[in-house]
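Counting along the sequence shown from 1, when you hit position 235 you're at 256 in the working numbering, and nothing is skipped either side. Ideal placement from N, C-alpha and C gives every residue a C-beta, glycine not left out. Remarks on the structure that follows.
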Amino acid sequence: MSGRHYLQFKDLAREELDYLFERTRWIKDKFKRYETYHPLHDRTLVMIFEKASTRTRLSFEAGMQQLGGTAIYLNTRDSQLGRGEPVEDAAEVISRMSDVVMIRTFEQEIIERFASHSRVPVINGLTNEYHPCQILADIYTFIEHRGPIQGKTVAWIGDSNNVCNTWLQAAEVLDFNVHVSTPPGYEVEPERAGLYGTEHYEEFKDPMDAARGADLVTTDVWTSMGFEAENEARLRDFHDWQVDADMMKVAAPDAVFMHCLPAHRGEEVSAEVIDGPHSVVWDEAENRLHAQKALLEFLLLGRIKP
Ligand code: CP
Ligand code: NVA
């Protein structure tokens, strides 16, 4: 029995996401009141990292412990995973010793191969293509600050990377719009993004046009992990795709600014914006913890009746 996996955002249906957002609120409130909640007593999460992480590792590890379980950290440098053991073999073994697995890796295909040989649920902790846990937390953060996201407009400024692709999937599932502006040559690839169609996003040449009237403005690093060889060219190509105060001025007056972090002030975002009044980046980072606790509970125990 492998149960459900969460490999990309659209693996969850809209009403399941609504449930998860409600559950996130409940779990967060309980946590803030210092009330013990151990539904995952004796359960073990294995976390496999092929790329660096601060937030994802911390939020999964702390979250699992707060739910009464245990988290084990593996990376490719000091396990057999980096020495050529087939992904399928690793999945067979790791999933016999644990209850749920989280993986941060390169190609989406790797996590799909792992999941197809896993006896337990597998969660995508970031691949080159997607970052579904991030967008769970981001949308929960939007709901906390501004209410339902349905019908709203999100402006994505910068690289059409894993985080952008996940916003685009989320727009399809939750029925909102994304205005995307990337430099030429870095446009959205709908197939790679795993989209059903093009109805929920629009591409803009000028980032100011993408931001105009948006309820949420967001961006990410110009060079994602695994693309470091392109860094110099990207610094040049993305120069005009910085979210700055002028851009926030054309967004809706109560627009929020989000960034998955880590951020590079002076590159994809100005210090004035990320440290300014529109920014909700610290709530966004904290909500990784609460949203993922709700996800772990859901994947391991199903729906909890109120
Ligand atoms: N946003 C995010 O996933 O951060 P980390 O790379 O620190 O995990
Ligand atoms: N797009 C970034 C996100 C980091 C959390 C990367 O893949 O490096």
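- Taken in chain order, the whole beta strand (DSSP E) runs of length 3 or more contained in the stretch 271-310 are 277-280.
- In the DSSP assignment, residue 175 falls within the beta strand (DSSP E) that extends over 174-178.
- Non-local C-beta neighbours of residue 67 in its own chain, meaning closer than 7 angstroms and more than five positions away in sequence, comprise 93, 95, 115, 119 and 122, ordered along the chain.
- The alpha carbon of residue 138 has as its nearest neighbour, out of 271, 109 and 214, the alpha carbon of 109.
- Just so you know, the alpha carbons of residue 27 and residue 39 end up roughly 16 angstroms apart.
- Inclusion of residue 273 and residue 236 in the CB contact set at 8 angstroms is warranted, their separation being smaller than that value.
- In terms of side-chain proximity, the C-beta atom of residue 80 is found no nearer than 7 angstroms to any non-hydrogen atom of the ligand NVA.
- Ranked by Cα distance from residue 173, the first of 156, 183, 192 and 185 is 192.
- As computed with DSSP, residue 122 is found in a beta bridge with 67 and 143.
- In its chain, beyond the 5 residues on either side, 290, 291, 293 and 294 have a beta carbon closer than 8 angstroms to the beta carbon of residue 265.
- Going by DSSP, residue 92 is part of the beta strand (DSSP E) stretching over 91-96.
- If you draw a straight line from the Cα of residue 308 to the Cα of residue 201, it comes to about 24 angstroms.
- Pairing residue 261 with residue 224, the inter-Cα distance amounts to about 16 angstroms.
- When the alpha-carbon of residue 132 is set against those of 156, 117 and 107, the nearest one is in 107.
- Take the alpha-carbon of residue 124 and the one of residue 184: they are about 16 angstroms apart.
- Counting of Cβ neighbours within 10 angstroms places residue 103 among the exposed residues, the total staying below 16.
- In terms of Cβ geometry, residue 217 and residue 30 do not form a close pair [threshold 8 angstroms].
- The beta-bridge partner set that DSSP reports for residue 74 is empty.
- Residue pairing from DSSP places residue 198 in a beta bridge opposite 174.
- Straight across, the Cα-Cα distance linking residue 156 with residue 105 is about 32 angstroms.
- Here residue 271 is not near residue 301, since their CB atoms are 8 angstroms or more apart.
- Following the DSSP letters along the chain, one finds residue 239 inside the beta strand (DSSP E) bounded by residues 237-240.
- For residue 223, the uninterrupted beta strand (DSSP E) run begins and ends at 222-224, by DSSP.
- Residues 242, 243, 256, 259 and 263 of the same chain have their beta carbon placed closer than 8 angstroms to that of residue 288, with the five preceding and five following residues left out of the count.
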